[in-house]
Amino acid sequence: MTAPTGSRVREDELVVGAGLLAGGANVIMQLARPGVGYGVVESKVDSGNIFKHPVKRTRTTLTYLAVATMGTDEERALFRRATNRSHARVRSTESSPVSYNAFDKNLQLWVAACLYRGIEDVYRIFVGDLTDAEIDELYRRSATLGTTLQVTDDMWPADRAAFEEYWNTALDQVHVDDTVRPYLRRIAELDFMPRYVSAPLGRFNRFITTGFLPQRFRDEMRLPWTDRDQRRFDRLTRAMGVVIRRLPTVLRKFPFNYYLWDVRRRIKAGTPLV
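Residues in the sequence shown are numbered from 1012 upward in steps of one, following the numbering used here.
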């Protein structure tokens, strides 16, 4: 689909590198659905554990986003097969507080919906307010966030009004308990990074993460947020937006363009994608 003339939703640019700042918030939103949260917290797939393999886990997540939004249908199919092999081991047990399965299409739809909501927020904050036509385009192109895995085309809400209805209903299933909350707080504070990174940047990242969270999720995480915090967040993101809008395309899309190049290199070399 070609972007309309003058559109700020640029062709082949559904994700922008600045969106990484909202990454922690989006993870919290995804894992706030208990089936997703416990699926990650209890997962026995060590290679996907961010606290044991932070570089590999980050690479897999960013590669998924790059392939889902900028890749070809063939590349999405290859990445789906690779991801499915890891997901096959993510299932609840008799001792799990909630039932979950990584192949659950409804849980995958929730994750995709959170990713879309995050993309929309990043565009709004860093690119500027979009017209209805631009948001409609952003929404249509976001369907691949789910359909790259098991979400079927007919499951993705038909339009933004249908999405809002789905979103508001799905919020009723959001709950972060005392098991998942500490795990997510560690992510917000960069506890998966080396100490020389998490010590100076952890508090700042928690602030940024909280700023990108809708209030419902802040409440579930018990993260305080004041009017003063909001003003600081708005000033910071406005200043960043001025810079981001002036970046050349190759820098604006980094690191997602790099991970798309990397996965294509690995496909050609026949090396593992996940």
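For each residue, glycine too, the CB sits at the ideal point set by N, CA and C.
Put residue i into one of helix, strand or coil per three-state DSSP.
i, result
"Asn1117", "helix"
"Val1261", "helix"
"Arg1256", "coil"
"Trp1167", "coil"
"Ala1154", "coil"
"Arg1044", "coil"
"Gly1035", "helix"
"Leu1284", "coil"
"Thr1080", "helix"
"Lys1055", "coil"
"Glu1131", "helix"
"Leu1195", "helix"
"Val1066", "helix"
"Val1026", "coil"
Grab the span of the alpha helix (DSSP H) containing residue i for me, first residue to last.
i, result
"Glu1231", "Gln1226 to Met1232"
"Val1187", "From DSSP, Val1187 is part of no alpha helix (DSSP H); its letter is neither H nor E."
"Pro1108", "Unbroken run through Pro1108: none, as it is neither H nor E."
"His1098", "Asp1084 to His1098"
"Ile1061", "That residue, Ile1061, is in no alpha helix (DSSP H); it is neither H nor E in DSSP."
"Gly1215", "Correcting the residue identity first, residue 1215 is Phe in this sequence and not Gly. That run of the alpha helix (DSSP H) goes Arg1206 to Phe1223."
"Trp1236", "Where Trp1236 is concerned, there is no enclosing alpha helix (DSSP H), given that its DSSP letter is neither H nor E."
"Arg1275", "Phe1267 to Ala1280"
Excluding the five sequence neighbours on either side, which residues of its own chain have a C-beta within less than 7 Å of the C-beta of residue i, listed in chain order?
i, result
"Pro1108", "Tyr1049"
"Gln1184", "Arg1044"
"Leu1126", "Asn1037 and Leu1156"
"Val1051", "Leu1042"
Suppose the cutoff is 6 Å on Cβ atoms and the five residues either side in sequence are ignored; what does the same chain contact list for residue i look like?
i, result
"Gly1222", "Phe1244"
"Phe1203", "Ile1061, Phe1062 and Pro1065"
"Ala1036", "Thr1220, Phe1223 and Leu1224"
"Phe1265", "Gly1028"
"Met1012", "In this prediction, Met1012 has a pLDDT of 43, which is less than 50 and means its spatial position is unreliable; nothing more can be read from the coordinates."
"Ser1054", "Val1101"
"Gly1252", "Phe1137"
"Gln1041", "Val1047, Val1122 and Cys1125"
"Pro1168", "Phe1174 and Tyr1177"
"Gly1034", "none"
"Thr1071", "Val1285"
"Thr1094", "Val1285"
Throw me the rounded Cβ distance for the residue i and residue j pair, which I believe falls under 8 Å.
i, j, result
"Arg1092", "Ala1079", "Not a contact, Cβ separation roughly 14 Å."
"Gly1157", "Ala1123", "3 Å"
"Ser1097", "Val1056", "5 Å"
"Gly1046", "Asp1115", "7 Å"
"Val1026", "Ile1130", "6 Å"
Can you tell me whether residue i is buried or exposed? The criterion is at least 16 other CB atoms within 10 Å of its CB, across all chains shown.
i, result
"Pro1193", "exposed"
"Gln1241", "exposed"
"Ser1153", "buried"
"Thr1016", "Since pLDDT at Thr1016 reaches only 44, below the 50 mark, its modelled position is unreliable, and the value read off the structure follows with that caveat. By the 10 Å Cβ count, Thr1016 comes out exposed."
"Arg1077", "First, the residue type needs correcting, since residue 1077 is Ala and not Arg in the sequence shown. Answer is buried; the Cβ neighbour count reaches 16."
"Glu1175", "exposed"
"Thr1190", "exposed"
"Leu1182", "exposed"
"Asn1216", "buried"
"Thr1104", "exposed"
"Leu1262", "exposed"
Quick one: is the Cβ of residue i within less than 8 Å of any heavy atom of the ligand MG?
i, result
"Leu1126", "In the structure shown, the ligand MG is absent, as is every other ligand, since no ligand is present at all."
Within its chain, find whatever has a CB closer than 8 Å to the CB of residue i; leave out the 5 residues flanking it on each side and keep chain order.
i, result
"Thr1163", "Lys1116"
"Val1208", "Leu1201"
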